[in-house]
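Since the structure comes first, as structure tokens, the remarks are kept for the end.
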Amino acid sequence: MTIILGLESSCDETAAALVDSNRRILAHRVAGQEEEHRPFGGVVPEIAARAHVDRLTPLVQGVLADAGLTLDDVDAIAATAGPGLIGGVMVGLVTGKALAHAANKPLIAVNHLEGHALSPRLDNENLAFPYLLLLVSGGHCQLLLVNGVDDYRRLATTIDDAAGEAFDKTAKLLGLDYPGGPAVEALAKGGNPKAVPFPRPLLGSKEPHFSFAGLKSAVARAVAAGEHSPADLAASFQQAVVDCLIDRSRMALAACPEATAFVVAGGVAANQAIRTGLTALAAEYGKDFVAPPLWLCTDNGAMIAWAGAERFAKGLTNELDVAARPRWPLDPNAETVRGAGVKA
Ligand code: KG4
Ligand code: ZN
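Take 44 as the starting number for the sequence shown in this note's numbering and just add one per residue.
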């Protein structure tokens, strides 16, 4: 049994957790920065980096105290090394390096996307490789075949915006508070998803990609026209996203009969309408549908600690000169797609 300390700081959540190789979450803490970013309607990278500096070390002290452990009890230190807002990534990675050096423990540089991709296995010991993963977050919208730790085949990605970005921009257009995803979902509950005929970009296309920029422009035009209630706009927008995610996922499921399950992860996976649509799709293909609990879908330290535990078990540790990477695709063989993965 090994115990891993995980650090996350790639966007606007500062997080630390202690997880063991038996899937026990010994402690986890997340500090959000919503108050700091709200006046700007989105994440300001410089403000995020400074907030990580203030909060990360106290969070590490906090999780060690919660678990009644010291750094001596930890077997390795895992930190997000990218992709993400580089100032924040550097804060977490340098903190991890300093702790690893001071305590004489191995360092594991974790790809934030691998954190999301493996997080369903922390919650579900029966989830076996390979599985089909829909990764939907604020900066990414990808379909991946997860063959194993450090072994990914990308089947689709976005050619412009990520799904979470589309939610956040729609929220802004509707005058809702940041962060936008949960606010749009709440407003959509009282609206008619068929009220506004929004476009479904790339629906039915043979190209294995997502696109949300045209949908966002259509929302902007509809808001400006003023003919629909905010609730109808939110519900119709959300339905368009659900339809796009289902259509592209259907294509991937048809292409990957070897997948043991259909899994969704990333912050947007917290959305109940999306979960409901994907559950039905998985059933259509006779696959188990797996979605981690909501707190494990949005950014957190436990997913980084768990990815660290999976890598540690395979002997995948890093030297202390490992670099922070603003961009870091999970599948190194995938073609570069314009616009994909610009943010994390
Ligand atoms: O994975 P995450 O916490 O951070 C990134 O790595 O990007 O994802 C954050 C994204 C944001 O765009 C947020 O608006 C979206 O996930 N999100 C949601 C919901 N909760 C969070 N989108 C739709 N519905 C939700 N309930
Ligand atoms: Zn994330």
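Ideal placement from N, C-alpha and C gives every residue a C-beta, glycine not left out.
Contacting residues, own chain, Cβ-Cβ under 7 angstroms from residue i (five flanking each side not counted)
i, result
"H144", "L363"
"V87", "H80"
"P244", "S254, F255, G257, L258 and C287"
"S52", "H95, L99, T123, G131, V132, V134 and G135"
"L178", "L156, H159, A160, Q185, L187, A308 and G309"
"A199", "Q185, L186, P251, H252, F253, R291 and A295"
"V137", "none"
"G351", "I47, G49, A119, A121, I151 and V153"
"Q76", "D55, A91 and A94"
"R66", "L165 and E168"
"V106", "A59, A60, L61, A70, H71 and R72"
"I129", "A367 and P369"
Cutoff 6 angstroms; reference residue i; Cβ partners in own chain excluding five residues on either side
i, result
"Y174", "V189, A302, T303, A304 and V306"
"A152", "A124, N361 and V365"
"P236", "A278, S279 and Q282"
"A58", "E51, V73, N343 and G344"
"E171", "The residue you asked about is not Glu; residue 171 is Ala in the sequence shown. If we look at A171 and ignore the five residues flanking it on each side, its Cβ neighbours are T303."
"K212", "K259"
Residue i to residue j span [Cα, whole Å]
i, j, result
"A383", "A205", "Summary for A383: the model assigns pLDDT 49, below 50, so the residue's position carries little reliability; its value from the coordinates is reported in the next sentence. Their backbone Cα atoms lie some 8 angstroms apart in a straight line."
"S64", "E168", "11 angstroms"
"A312", "L337", "8 angstroms"
"G125", "N154", "5 angstroms"
"P369", "L48", "22 angstroms"
"L246", "L296", "15 angstroms"
"A348", "A121", "6 angstroms"
"A321", "L373", "For clarity, residue 321 is Leu in the given sequence; the question names Ala instead. About 23 angstroms."
"R196", "C299", "11 angstroms"
"A367", "T45", "25 angstroms"
"G234", "V117", "49 angstroms"
"A110", "L142", "17 angstroms"
"S260", "C340", "27 angstroms"
"E353", "L61", "14 angstroms"
"N376", "G269", "46 angstroms"
"A226", "A214", "7 angstroms"
"G84", "N147", "42 angstroms"
"W371", "G127", "9 angstroms"
"D97", "L324", "43 angstroms"
"D203", "A209", "10 angstroms"
"K249", "V285", "18 angstroms"
"F332", "V239", "30 angstroms"
"A316", "S162", "21 angstroms"
heavy atom of ligand 2 below 6 angstroms from residue i C-beta
i, result
"S11", "Here the chain covers residues 44 to 387 and nothing more, so residue 11 does not appear."
"N166", "Contrary to the premise, residue 166 reads as Asp rather than Asn in this sequence. False, no ligand heavy atom lies under 6 angstroms from that Cβ."
Any non-hydrogen atom of ligand 1 closer than 6 angstroms to residue i Cβ
i, result
"C54", "yes"
"A277", "no"
"D342", "yes"
"D211", "yes"
"V73", "no"
"A59", "no"
"V306", "no"
"E228", "yes"
"V311", "yes"
"P222", "yes"
"N376", "no"
"P225", "yes"
Buried versus exposed call for residue i [16 or more other C-beta atoms within 10 Å across all chains shown]
i, result
"D194", "exposed"
"G207", "buried"
"K232", "exposed"
"E78", "exposed"
"F241", "buried"
"D220", "exposed"
"E378", "exposed"
"E89", "exposed"
"T201", "buried"
Any C-beta of chain B under 7 angstroms from that of residue i
i, result
"D97", "Looking at the structure shown, chain B is missing, and only one protein chain is on hand."
In chain order, each alpha helix (DSSP H) run of at least 4 residues that lies wholly inside the stretch 180-222: 206-216
Continuous alpha helix (DSSP H) assignments of at least 4 residues falling wholly in the stretch 294-375: With a minimum length of 4 residues, the continuous alpha helix (DSSP H) runs that stay inside the stretch 294-375 are 315-327, 337-340 and 344-356.
Those runs of the beta strand (DSSP E) which lie wholly inside the stretch 138-171 and span at least 3 residues: Within the stretch 138-171, the complete beta strand (DSSP E) runs of at least 3 residues are 150-154.
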